[in-house]
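Engineer:
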Amino acid sequence: MYDVASVQVPAELAPSAAREAPWRVVARTAFPFIVVGAIWEFVARLGLFPPRLFPSLETVASAFVRLTANGILPHHAFDTLIRLLAGFALAAAVGMAIGIAMGRSRRAEDVFLPLVSIGAPIPGIAYAPLFLLWFGLGNVSTVLLVGFVSCFPIIFNTWTGVKAVKDIWLRAAQAMGADDRALFRHVILPGALPYVLTGLRLGLAQAWRILVGVEMLAAVPWGLGWLIFGAREFLNTDVMLAGVAVIGIIGLALEKLVFQRLEQFTVVRWGMMT
Amino acid sequence: MSTERTRSLRRAAVTLLVAAAAYEALARSGMFPPALLPTLPAVARALVTSILDGSMLNHAFHTLSRVLIGFALATAFAVPLGILMARFRPVEHFFLPLASALMPIPSLAWVPVFILWFGLGDIVAILIVFYAAVFPVLLNTWSGVRAVNPLWLRAAGAMGADEAALFWKVMIPGAFPFIITGLRQAFLRAWIAVVGAEMLAASDWGLGWVIFDAKEFLNADVMLASLVVIGAIGFIFERLVFGSLERATVLRWGMVRMAKS
Chain X
1 MYDVASVQVP AELAPSAARE APWRVVARTA FPFIVVGAIW EFVARLGLFP
51 PRLFPSLETV ASAFVRLTAN GILPHHAFDT LIRLLAGFAL AAAVGMAIGI
101 AMGRSRRAED VFLPLVSIGA PIPGIAYAPL FLLWFGLGNV STVLLVGFVS
151 CFPIIFNTWT GVKAVKDIWL RAAQAMGADD RALFRHVILP GALPYVLTGL
201 RLGLAQAWRI LVGVEMLAAV PWGLGWLIFG AREFLNTDVM LAGVAVIGII
251 GLALEKLVFQ RLEQFTVVRW GMMT
Chain C
275 MSTERTRSLR RAAVTLLVAA AAYEALARSG MFPPALLPTL PAVARALVTS
325 ILDGSMLNHA FHTLSRVLIG FALATAFAVP LGILMARFRP VEHFFLPLAS
375 ALMPIPSLAW VPVFILWFGL GDIVAILIVF YAAVFPVLLN TWSGVRAVNP
425 LWLRAAGAMG ADEAALFWKV MIPGAFPFII TGLRQAFLRA WIAVVGAEML
475 AASDWGLGWV IFDAKEFLNA DVMLASLVVI GAIGFIFERL VFGSLERATV
525 LRWGMVRMAK S
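Here the protein sequences line up with chains X and C, keeping their order. The working numbering numbers the first residue of the first sequence as 1 and each following residue consecutively. The working numbering numbers the first residue of the second sequence as 275 and each following residue consecutively.
Structure representation (structure tokens):
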């Protein structure tokens with residue numbers, strides 16, 4: 001189905017540079033950015049494009065510093081993060097509940113699967129105008145839409161994970177006298193967790209991708225999406241690029257700091273995954 | 275087995291009927307204005323009229339052409355680059371950090387920037403689709419080529435395959451399951467991106483634009499009808515196009531087995 005853990009990509013496959021000196025790794029990673037930055041700077045200073053549309057890196061950096069110092073950028077970022085977390089928490093709670101129910105009970109599977117299969121292929125952002133119409137401009141629509149959209153990968157992966165728990169583990173635990181609760185807590189949940197984590201990760205990534213777009217449409221007073229979209233009116237390309245940079249940093253931090261840690265902490269430690 | 279299957283189908287049908295009936299009851303109850311919550315026949319009528327007068331097909335055509343052009347450009351760019359990255363260390367060292375830095379930025383965040391640079395219209399939508407689609411294809415191609423079993427390469431080399439044969443007969447088929455996964459993910463993202471880009475970079479035609487425009491006139495029936503079309507096209511691509519691509523290549527070559535579901 002959609003976005004179910006199929007082929008595990010990057011991270012672990014990363015370049016086999018274990019024995020390289022740390023400063024070389026840093027230099028090597030920095031090199032492409034320096035090259036691209038230099039090209040950007042060169043084009044910006046060449047004067048081919050109006051500087052309002054194609055600002056030099058210095059202008060972007062100073063916009064970044066200015067907006068951070070006077071607290072505008074942190075405020076936007078904070079509001080965006082709150083929305084992301086609220087929507088994602090909603091999706092995680094509902095999605096995991098539905099997914100576990102679908103994995104455990106045939107009846108729940110038959111009831112939910114058709115509904116979920118119909119909802120999933122429609123891109124989340126397409127619902128945005130409908131949600132805006134129903135729930136009004138602002139936070140409610142944004143959070144609900146983000147939650148709704150990131151729900152689907154969580155449901156699918158939780159469902160797959162619960163179904164992938166080996167029958168023999170269940171029977172072994174039962175034979176050793178585990179009751180339903182122990183079975184759930186000690187066998188099904190840990191067994192399904194690698195999938196559930198993948199689902200949460202995909203869900204968060206989806207939520208993040210949608211949120212920025214929804215903020216542009218929903219006319220929320222604060223938020224990175226709105227910052228970028230609003231800056232367009234005044235041709236503040238430097239502000240826009242600073243906003244895009246912050247969005248990139250947050251996205252990277254979510255992936256590296258939150259999910260890789262969580263995975264280390266649970267499934268890798270239990271030896272479910274290496 | 276087959277009785278279980280028919281029971282599943284029956285239950286699925288019952289679920290959908292109940293859901294539809296619940297929606298219909300809510301829409302007819304008069305608790306919400308019918309402009310916001312149209313009845314199902316109204317949605318169906320909107321869908322049929324817009325298909326019959328050709329406007330829906332025209333919108334779908336514009337959206338599809340944008341998504342396909344952007345997707346084709348992304349594939350043409352990312353597959354060769356991914357192969358180069360996997361084969362040559364310096365290329366990998368140069369592009370991997372860039373890709374990892376750009377990937378977490380949602381494509382829609384670039385829409386306002388691109389609008390300023392390229393004006394409203396097709397170019398913005400195509401570039402946004404390109405941006406959305408390029409990273410999944412790139413990273414999957416890269417890891418796919420890296421994941422080709424070195425034993426196969428050595429075996430083919432020992433049997434006298436030259437560089438070209440090694441590349442076309444071993445490496446590409448070996449990496450293909452990953453590449454297809456990448457294309458699939460890329461299409462899903464591209465499909466989201468095109469709808470969002472059309473909403474933000476208004477351009478007269480396109481399914482995203484119809485939905486957004488319908489909001490202004492409170493035409494919830496048109497919105498729901500367009501959602502149906504968007505979902506149907508996404509579903510068709512996911513199932514028919516990529517499904518048959520998979521059957522024609524990796525399944526036939528025995529690289530992966532059909533998931534039993």
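Don't be surprised by glycine CBs; every beta carbon is placed ideally from N, CA and C.
Touch check for the stretch 148–163 of chain X and the stretch 95–104 of chain X: three-plus C-beta pairs under 8 Å?
Structural biologist: yes
Engineer: Out of curiosity, what's the CA-to-CA distance linking C/Ala420 and C/Leu355?
Structural biologist: Here the question's residue 420 of chain C lines up with position 146 in the second sequence. Here the question's residue 355 of chain C lines up with position 81 in the second sequence. The displayed chain sequence assigns Arg, not Ala, to residue 420 of chain C. Roughly 13 Å separates the two Cα atoms.
Engineer: Which two residues bound the contiguous alpha helix (DSSP H) that contains C/Trp391?
Structural biologist: Walking along the second sequence from the start, residue 391 of chain C turns up at place 117. Unbroken alpha helix (DSSP H) run through C/Trp391: Val385 to Phe392.
Engineer: Leaving out five residues before and five after X/Val244 in sequence, what residues of the same chain have Cβ atoms less than 7 Å from its Cβ?
Structural biologist: Position 244 of the first sequence, counted from the first residue, corresponds to residue 244 of chain X. Within the same chain, X/Val244 has close Cβ partners Ile228.
Engineer: Please report how far the alpha carbon of X/Ile82 lies from the alpha carbon of X/Glu255, in whole angstroms.
Structural biologist: The residue given as residue 82 of chain X occupies position 82 in the first sequence. The residue given as residue 255 of chain X occupies position 255 in the first sequence. Going by the C-alpha atoms only, they are around 17 Å apart.
Engineer: Kindly say whether X/Val292, judged by its beta-carbon, lies nearer than 8 Å to any beta-carbon of chain C.
Structural biologist: No information on residue 292 of chain X is available, as it lies outside the stretch 1 to 274 that chain X covers here.
Engineer: Helix, strand or coil: how does DSSP classify X/Glu263 here?
Structural biologist: Indexing the first sequence from 1 puts residue 263 of chain X at position 263. If DSSP states are grouped into helix, strand and coil, X/Glu263 belongs with the helices.
Engineer: Give me, in chain order, the residues of the same chain whose beta-carbon lies closer than 7 Å to that of X/Leu204; leave out the 5 immediate sequence neighbours on both sides.
Structural biologist: Within the first sequence, numbered from 1, the residue matching residue 204 of chain X stands at position 204. Taken in chain order, the residues that qualify are Phe88, Ser150 and Leu254.
Engineer: Where does C/Asn414 fall in DSSP's three states?
Structural biologist: What you label residue 414 of chain C is simply residue 140 of the second sequence in a count that begins at 1. Helix at C/Asn414.
Engineer: Starting from the C-beta of C/Phe486, find all residues in its chain whose C-beta is less than 6 Å away, skip the five residues before and the five after it, and write them out in chain order.
Structural biologist: Taking the second sequence and counting its residues from 1, one reaches residue 486 of chain C at position 212. Same-chain partners within the cutoff: Met473.
Engineer: Any C-beta of chain C within less than 7 Å: which residues of the stretch 195–221 of chain X qualify?
Structural biologist: Trp208, Arg209, Val212, Gly213, Met216 and Leu217
Engineer: Identify each residue in the stretch 484–505 of chain C for which the Cβ-Cβ distance to at least one residue of chain X is less than 8 Å, and report them in chain order.
Structural biologist: Answer set for the stretch 484–505 of chain C: Ile485, Phe486, Ala488, Lys489, Leu492, Ala494, Met497, Leu498, Ser500, Leu501, Ile504 and Gly505.
Engineer: How big is the Cα-Cα spacing for X/Ala86 and X/Pro50?
Structural biologist: Counting from 1 along the first sequence, the entry for residue 86 of chain X is found at position 86. Counting from 1 along the first sequence, the entry for residue 50 of chain X is found at position 50. Rounded to whole angstroms, X/Ala86 to X/Pro50 spans 40 Å at the Cα level.
Engineer: Please confirm whether X/Ala192 has its beta-carbon closer than 8 Å to some beta-carbon of chain C.
Structural biologist: In the first sequence, residue 192 of chain X corresponds to position 192, counting from 1. X/Ala192 does not count as touching chain C.
Engineer: Can you give me the Cβ contacts of C/Phe450 inside the same chain, cut-off strictly under 6 Å, excluding the 5 residues immediately before and after it?
Structural biologist: Position 176 of the second sequence, counted from the start, is the residue given in the question as residue 450 of chain C. Cβ within range, chain order: Thr523 and Val524.
Engineer: Exposed or buried, what is X/Arg45 when buried is set at 16 or more other beta-carbons lying within 10 Å of its beta-carbon?
Structural biologist: Start at 1 with the first residue of the first sequence, and residue 45 of chain X comes out as number 45. Its Cβ having fewer than 16 others within 10 Å, X/Arg45 is exposed.
Engineer: For C/Leu291, which of helix, strand or coil comes out of DSSP?
Structural biologist: Along the second sequence, read from residue 1 onward, the residue named residue 291 of chain C stands at position 17. When DSSP states are grouped into helix, strand and coil, C/Leu291 belongs to the helix group.
Engineer: Would you mind stating whether C/Trp465 and X/Pro74 have Cβ atoms separated by less than 8 Å?
Structural biologist: Stepping through the second sequence from its first residue, residue 465 of chain C is reached at position 191. Stepping through the first sequence from its first residue, residue 74 of chain X is reached at position 74. Taking 8 Å as the cut-off, the beta carbon of C/Trp465 is found no closer than this to the beta carbon of X/Pro74.
Engineer: For a contact defined as C-beta to C-beta under 7 Å, what are the partners of X/Gly251 on chain C?
Structural biologist: One-based indexing of the first sequence puts residue 251 of chain X at position 251. Residues of chain C passing the Cβ test: Pro378 and Ile379.
Engineer: Where does C/Gly480 sit, in a helix, a strand or coil, going by DSSP?
Structural biologist: Against the second sequence, residue 480 of chain C aligns to sequence position 206. Looking at C/Gly480 - three-state DSSP - the assignment turns out to be coil, as it is neither helix nor strand.
Engineer: Kindly say whether C/Pro466, judged by its beta-carbon, lies nearer than 8 Å to any beta-carbon of chain X.
Structural biologist: Residue mapping note: residue 466 of chain C aligns to position 192 of the second sequence, counting from 1. In the sequence as displayed, the identity of residue 466 of chain C is Ile instead of Pro. Taking Cβ atoms only, chain X reaches closer than 8 Å to C/Ile466, which makes this a yes.
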